[in-house]
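Residue numbers (this note's numbering): 8 to 465.
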């Protein structure tokens, strides 16, 4: 199927949009106020265990209308996944879905097939590339373990320190997740909520689930809400009498598990209800980026969704024996991605490697599972890499969160060097606030009017 509709997104260039705000934030009096505020933000992050994470020294903005259009498209594509999934479930055994995405048969007992037919408990971050003429979606990350939205709270702390409520009126992502969890709690006969992470994540230097746990405790004041690592999960809660009354929010990834499915087998066997079992492994697979362009799947979608695919998704194909040599010859035009990977691993810019190197990587992981996505030009954005520094160009990837169907702002991941932006390597993170032109103008005026009290507060 060939989509010929292509919209121009030139109404919103992320770099140009932020240039006036960055200029104001880099100038006095704002510069000194941000330097004074930085220690309180660092303490906030360190207290949450995010000691290895770097923060962009001020928030950026994104055009509100463009944000709303992207949010609509992201929600529509998650619903489109559901349309395709329902067709699979209608026409054959559900295990066909695992085969389609190259997932191990061992996870079948830990897939909630009913949840796949709804987006009610879907938590997603759509990765978005700013281009000179707009925005392009490059990945769907769909899993209850996603993070990065904690930076919303970091900039709340920063805003309070400098006396600018730049996040006023924007929803906290943790509240949106809590809406889903508390809704599930009230619908079931539960008397306990557990946020469960994997024990190997202790002390790794990144955000955990403390903010979500605190939010749930506030939302459910009369209910025990515990943050538990799997090795410390009480045995008595795994007894059927307690398990069936326990609602679990899964914070660990499938790839975190190193116990041959022992813990998840006992958890599910206890009768506990788990929000997001490993049906998320189906929705998060990168193969969706190609499926939406393939005739047999695209034909199931409404015309307006096909239009959104054309507008926001770079053309993507599955690498096959038939197209492999052509893709390698044209490799400079593509980004090669392994379908079942995360954190920037197994992503290769074709222009950075020779054909033999890419071919060897394709062969390492087997003939199936690789995607080739049309490379799009990136709009470098200039801002300071750290507080008090001068602006420099950055490669930027934005993260649009869809949490139980609701969207807030956008996470920013930025790298001064690599175009493959990886938060686990050298990238810094931030937050982009949706604002219209008048709101952006008023924000700049507030920045320019920061008073001495804010500069001296710390």
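Positions of the beta carbon are idealized from the N, C-alpha and C atoms, including for glycine. Owing to the predicted nature of the structure, the values given are computational and were not obtained by experimental measurement.
In this structure, the alpha-carbon of residue 411 lies about 33 Å from that of residue 356. In the DSSP assignment, residue 402 is bridged to 422.
No Cβ-Cβ contact shorter than 8 Å links residue 402 with residue 108. Note on geometry: alpha-carbon atoms of residue 336 and residue 58 lie some 43 Å from one another. The residue among 274, 256 and 222 with its C-alpha nearest the C-alpha of residue 241 is 274. A Cβ-Cβ distance of about 6 Å is found for the pair residue 436 and residue 155, placing them in contact under the 8 Å criterion. For residue 274, the uninterrupted alpha helix (DSSP H) run begins and ends at 269-276, by DSSP. With a cutoff of 8 Å on beta-carbon distance, residue 254 and residue 200 are scored as near each other. Counting along the chain, residue 437 sits inside the beta strand (DSSP E) bounded by residues 435-442. Under the three-state reduction of DSSP, residue 417 is assigned to strand. Bounds of any alpha helix (DSSP H) do not take in residue 214, whose DSSP letter is neither H nor E. Comparing C-alpha distances from residue 457 to each of 99, 168, 77 and 158 shows the shortest one belongs to 168.
Counting along the chain, residue 122 sits inside no alpha helix (DSSP H), nor does DSSP assign it H or E at all. Leaving aside the five residues that flank residue 27 on each side, the residues in its chain whose CB is nearer than 8 Å to its CB run, in chain order, 447 and 451. Under the three-state reduction of DSSP, residue 141 is assigned to strand.
A buried status is given to residue 180, since no fewer than 16 other beta-carbon atoms sit within 10 Å of its beta-carbon. Scanning its chain for C-beta atoms nearer than 8 Å, with the 5 sequence neighbours on each side dropped, one finds around residue 81 the residues 131, 133, 144, 407, 409 and 414, in chain order. Here the alpha carbon of residue 399 sits roughly 11 Å from the alpha carbon of residue 424. In terms of Cβ geometry, residue 114 and residue 104 do not form a close pair [threshold 8 Å]. The Cβ atoms of residue 300 and residue 316 sit closer than 8 Å to each other.
Cβ atoms of residue 382 and residue 342 come within 8 Å of each other, at about 5 Å. In the three-state DSSP reduction, residue 84 falls in the helix class (H, G or I).
Here the alpha carbon of residue 214 sits roughly 17 Å from the alpha carbon of residue 182. Under the three-pair Cβ rule at 8 Å, the region 258-269 counts as touching the region 203-214. From the listed residues 346, 24 and 311, the smallest Cα separation to residue 79 is found for 311.
DSSP places residue 327 in the coil class of the three-state scheme, outside both helix and strand. Residue 42 is a Cβ neighbour of residue 395, given a cutoff of 8 Å. Straight-line measurement puts the Cα of residue 224 at about 22 Å from the Cα of residue 150. Taking a 10 Å sphere around the C-beta of residue 418, we find 16 or more other C-beta atoms and assign the residue as buried. In this structure, DSSP gives residue 280 an extended state, which the three-state scheme calls strand. With distances taken between CA atoms, residue 369 lies nearest to 344 out of 391, 71, 344 and 19. Nearest to residue 352 by alpha-carbon distance, out of 262, 74 and 269, is 262.
Bridge pairing for residue 162: absent [DSSP]. Between residue 126 and residue 86 the beta-carbon gap is near 6 Å, inside 8 Å, which marks them as a contact. Taking residue 31 as the centre and dropping the five residues before and after it, the same chain places the C-beta of 37, 451, 454 and 455 closer than 7 Å to its C-beta, in chain order.
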